[in-house]
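Worksheet for the structure shown next.
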Amino acid sequence: MTLAGTVGGTGTAVTLVHGFAQNRNCLGPLAEELTRRCRVLRPDAPGHGGSTLHAAADLATGAGLLAATGGAGVYIGYSMGARLCLRTALDHPDAVRALVLIGATPGIEDAEERRERQRADAALAERLERIGLDAFVQEWLALPMFAGLPSWARFDRERRTNTAAGLAASLRHAGTGSMEPLWDRLDGLDIPVLCVTGSADERYATLATQMVGRIGSTARHGIVEGAGHAAHLERPDAVIGIVTAFLDEAATDLPTG
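Note that numbering that gives the first Met the number 0 has the sequence shown beginning at 0, numbered continuously upward.
Structure follows, in structure tokens:
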């Protein structure tokens, strides 16, 4: 089985995965520019958009679905999508030839902190089910981490095509709290890896620096000045420049379609 999605363009095969409470239509100018250069698949992550059939998929199951959907090529993910792409690269190395992670975490190493995050994810899922999708989207976009989003990048209408049940299942089964920490596996990545963070997203910038250190010489950290967590939406031109330069360097080893 595979995930719902859309394909556009020709050339290097790229699978581009959105963040939590978004869908495949929430990737903005980065998706538009890559589609001019590459063959771009934009799947709906499990529990989102047209992939509600797989709402209860954990990260490992979702990685299998993503690899089956995307095939061999570059995988680019934002936030939740980055966690999914990272797990795909580790579990299905034949599929992922290069990896771009925007605002990523490999999970929470401390067991008690991880349990606390799992409880928080479960509480958020319960609140979502109680107040409904519209109210939840409004609350979600009011979080400080999204304060830098321009109005066009909020994707209010697109987010409301999701379902409360699908998003709640995603939180419970594929949230950061339920995620198996991947830190100890990072040194097994022998592909080009680009970690992208906004300069104002201090927590994730620190995580990216640590990830690059664990992965080694095949990894680099691209910092986007003046951007927060959703760097590809807050400063799309800068992220497009960083990502396309990375892809150009890796192009000789990338499959096309």
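Glycine included, C-beta positions come from ideal geometry on N, C-alpha and C.
- Per DSSP, LEU52 lies in no beta strand (DSSP E) and is assigned neither H nor E.
- In the displayed model, ILE130 falls within a helix according to three-state DSSP.
- Only residues of its own chain outside the window of five on either side were considered, and among them ARG23, LEU40, ARG41, PRO42, ASP43, THR68 have a CB closer than 7 Å to the CB of GLY4, listed in chain order.
- According to DSSP, ARG41 shares a beta bridge with THR5.
- Residue state for CYS194 is assigned as strand, using DSSP reduced to three classes.
- The three-state reading of DSSP puts ILE214 in helix, counting H, G and I together.
- Taking MET178 as the centre and dropping the five residues before and after it, the same chain places the C-beta of LEU58, GLY106 closer than 6 Å to its C-beta, in chain order.
- Using a Cβ distance threshold of 8 Å, PRO45 and GLY63 do not count as a contacting pair.
- Under the 10 Å beta carbon count, LEU142 is surrounded by fewer than 16 other beta carbons and is classified as exposed.
- Residue pairing of TYR74 in beta bridges, as defined by DSSP: THR14, LEU98.
- Take ARG86, set aside five residues on each side of it, and the residues of its chain with a beta-carbon closer than 6 Å to its own are LEU58, ALA62, in chain order.
- Rounded to the nearest whole angstrom, the C-alpha separation of VAL223 and GLU111 is 32 Å.
- A direct Cα-Cα distance of roughly 19 Å separates GLN117 from TYR203.
- Listed in chain order, the non-local C-beta contacts of PRO180 below 8 Å within the same chain comprise PRO105, GLY106, ILE107, GLU108, ARG113, local neighbours out to five positions each way being set aside.
- For a cut-off of 8 Å, the C-beta gap from HIS228 to MET144 is around 4 Å, short enough to register as a contact.
- In this structure the stretch 30 to 37 does not touch the stretch 48 to 58; the number of beta carbon pairs closer than 8 Å is below three.
- The shortest CA-to-CA distance from THR162 to any of THR175, LEU132, TRP151 is the one to LEU132.
- Contact between GLY8 and ARG35 holds, with the beta-carbon distance rounding to 7 Å and staying under 8 Å.
- Counting the other CB atoms within 10 Å of its CB gives PRO149 a total below 16, which places it among the exposed residues.
- According to the DSSP assignment, ILE241 belongs to the alpha helix (DSSP H) that extends over 235 to 249.
- Rounded to whole angstroms, ALA244 and ARG219 show a C-alpha spacing of 12 Å.
- Beta-bridge pairing by DSSP links HIS220 to CYS194.
- ALA54 sits close to ALA164, with the two beta carbons spaced by under 8 Å.
- Going by beta carbons, VAL73 and VAL6 fall outside the 8 Å limit.
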